[in-house]
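Residue numbers (my numbering): 391 to 773.
Backbone N, C-alpha and C fix where the C-beta goes; we use that ideal spot for every residue, glycine too.
Since the structure is predicted, the reported quantities are computational estimates derived from the model, not experimental observations.
Structure, rendered in structure tokens:
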């Protein structure tokens, strides 16, 4: 009743006894009045707290839907005249605390961006993840690499071997990790290096995971096999900023228990309270006590409103397609599903055409894409 912008009214109908004349009068009213929400059958805001909620949400929320502005002019009358000394500023801070502005990251300028030129880094340590996959920890890297973003990649080279694109699996304070599967001459030579060896780097290159767009939502990471490597840095970033998300979940599938990547990290993430981790394998012996089945079977664990999910997916082609279909069937919007097509890259500069997809080059326009940006290309066989 003290607010200068309140405009609710009620209507009073009066007539004489013979029904020949009547009068309709509009009067000021208040949604705090116990009779304001009284209708045939009862009062749908019988409690004071319900009436207070109606006023609060109307004044500071749905007023924007009606008029495009707040219903509060900041005069302070409601605080001054409230008989029970409710301070609306404290109430608003409790139910809708201020959100820090989201600063969209900008990709750093790559080092040695032209073909044939490289920045030199040193191999600090090497760790076997599986029988054919190894993590190289590089140090003495150019500061530009430390400013890279999860999802980006580097071109790495050795003398007498062609450079190959490798996703950055982790950013450290003094270097980066590259998790490499030995499938060709260069990758085999790389995983057979010893600490102290020097390699050439070009990058960081490519697009990165849009982490900021998932703030305030459920962040879901879906990985298959070595697809956990380009997602590793993303999971680190999500966990480090866990208070910005409604929840964080990792669904990871591998062919066998022995082929799981980053087992120590999986155990540490599982033990933490910042992220929910579910792991499954396609096949296993009796010694495996975990889940068995493809990674999409883990989607049955989802219990939230999937329209409020942002998903990040990497893995083999069929696994990614099945995962995307499963997420969409759960209600996740296509523009909220991000995928990495990094396994298609070769030269890293859009020259060889190996990674061309319609009018895009994965190495220059990707490797991270929103699903709706790929259109029907994503579901084509052999992409």
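With a 10 Å radius around its C-beta and 16 neighbouring C-beta atoms as the bar for buried, classify residue i as buried or exposed.
i           : result
residue 577 : buried
residue 730 : buried
residue 596 : buried
residue 776 : Given that the chain is displayed from residue 391 to residue 773, the structure contains no residue 776 and the question cannot be resolved.
residue 608 : buried
residue 519 : buried
residue 741 : exposed
residue 539 : buried
residue 414 : exposed
residue 652 : buried
residue 454 : exposed
residue 368 : Residue 368 lies beyond the range of the chain shown here (391 to 773); nothing can be said about it.
residue 434 : exposed
residue 756 : buried
residue 630 : exposed
Who are the Cβ neighbours of residue i in its own chain at under 7 Å, not counting the five residues just before and after it?
i           : result
residue 465 : 394
residue 488 : none
residue 623 : 540, 558, 559, 560 and 561
residue 403 : 412 and 414
residue 621 : 611, 613, 702 and 704
residue 388 : Past the boundaries of the shown model lies residue 388; the chain is included only from 391 to 773, so the question cannot be answered.
residue 478 : 468 and 469
Which of the three DSSP states is assigned to residue i in this structure?
i           : result
residue 715 : helix
residue 629 : helix
residue 760 : strand
residue 433 : strand
residue 542 : coil
residue 645 : coil
residue 397 : coil
residue 342 : Past the boundaries of the shown model lies residue 342; the chain is included only from 391 to 773, so the question cannot be answered.
residue 567 : strand
residue 635 : coil
residue 449 : helix
residue 460 : coil
residue 406 : coil
residue 755 : helix
residue 772 : For residue 772, the predicted model reports a pLDDT of 49, less than 50, meaning its position is unreliable; a value from the coordinates is still stated below. In this structure, residue 772 counts as coil in the three-state DSSP scheme.
residue 608 : strand
residue 508 : coil
residue 658 : helix
residue 581 : helix
residue 666 : strand
residue 438 : helix
residue 675 : coil
residue 555 : strand
residue 575 : helix
residue 700 : strand
residue 587 : coil
residue 709 : helix
residue 615 : helix
Short of 6 Å in beta carbon distance, which residues of its chain neighbour residue i, apart from the five on each side in sequence? Order them along the chain.
i           : result
residue 772 : Reliability fails at residue 772, whose pLDDT of 49 lies under 50, so the model's placement of it is uncertain and the value that follows must be treated cautiously. Taken in chain order, the list of residues that qualify is empty.
residue 471 : 392
residue 617 : 704 and 705
residue 553 : 545 and 547
residue 534 : 498 and 501
residue 357 : The displayed coordinates of the chain run from 391 to 773. Any statement about residue 357 would go beyond what the structure contains.
residue 712 : 686
residue 664 : 629 and 632
So, under 8 Å CB-CB, residue i and residue j are touching, yes? Tell me the CB distance rounded to an integer number of Å.
i           : j           : result
residue 481 : residue 446 : 7 Å
residue 448 : residue 461 : 7 Å
residue 541 : residue 758 : 4 Å
residue 514 : residue 565 : 6 Å
residue 667 : residue 660 : 4 Å
Can you name, in chain order, every residue of its own chain whose Cβ lies under 8 Å from the Cβ of residue i, other than the five neighbours on each side?
i           : result
residue 570 : 523, 524, 525, 526, 556, 577, 580 and 581
residue 420 : 391, 396, 398 and 426
residue 763 : none
residue 598 : 495, 497, 538, 539, 540, 541, 542 and 758
residue 681 : 668, 669, 670, 671, 687 and 688
May I ask you to verify whether the segment 557 to 564 touches the segment 521 to 536, counting CB pairs closer than 8 Å and requiring at least 3? They touch, by the three-pair rule.
Mind the definition here: the segment 702 to 717 touches the segment 684 to 692 only if three or more C-beta pairs lie below 8 Å; say whether that holds. Counting Cβ pairs under 8 Å, three or more are found: they touch.
Pairs of beta-carbons, one from the segment 599 to 617 and one from the segment 642 to 659, closer than 8 Å: are there three or more? Contact holds: three or more Cβ-Cβ distances are below 8 Å.
Does the segment 625 to 639 come close enough to the segment 590 to 605 to have 3 or more Cβ pairs within less than 8 Å? These segments touch.
Are the segment 644 to 660 and the segment 721 to 735 in contact at 8 Å, needing three or more beta carbon pairs? The answer is no - the segment 721 to 735 does not touch the segment 644 to 660, with fewer than three Cβ pairs under 8 Å.
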